[in-house]
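In this note's numbering, the protein residues as written are 344 to 481.
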């Protein structure tokens with residue numbers, strides 16, 4: 344008959360504790376990274392939606408054929424089921440047929456704080472032979 348060695352087999356308590364400590368550090372790091380990824384995804388979504396709101400407002404301004412008032416125009420747009428506040432401010436340029444327009448889009452969070460999400464600058468121009476509404480004769 345062969346003789347079996349019934350010596351100590353398996354892990355010691357210290358080895359198990361070290362393995363648990365290493366695992367907990369790795370798990371905590373993975374959870375922290377997931378939270379950062381989720382926060383970044385929300386930021387990118389907010390930024391994209393705000394940019395779409397600004398682009399839609401720019402298209403509306405171009406189609407309306409009106410100069411934007413120097414004191415600005417404000418409004419609320421709904422995109423993806425959320426309300427977005429926009430403001431458009433017009434500025435004269437050296438060319439009387441071109442106006443500089445700056446559009447800012449902000450979103451109010453649950454606490455009522457507003458953060459600028461995007462800015463869009465565009466130039467409105469009048470086509471040849473077309474009189475924009477809201478301008479003095481040229």
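Note that the Cβ used here is the ideal one computed from N, Cα and C, for glycine as well.
Item, Value
"Nearest-angstrom Cα separation, counted from residue 440 out to residue 417", "23 Å"
"Limits of the unbroken alpha helix (DSSP H) element including residue 395", "356 to 407"
"Cβ contact (3+ pairs, closer than 8 Å) linking the region 365 to 384 and the region 394 to 407", "no"
"Cα-Cα separation, residue 433 to residue 465", "10 Å"
"Boundaries of the beta strand (DSSP E) in which residue 425 is found, first to last residue", "425 to 435"
"Start and end residues, beta strand (DSSP E) containing residue 416", "416 to 422"
"Per-residue burial, residue 462 [other beta carbons within 10 Å of its own, 16 or more giving buried]", "exposed"
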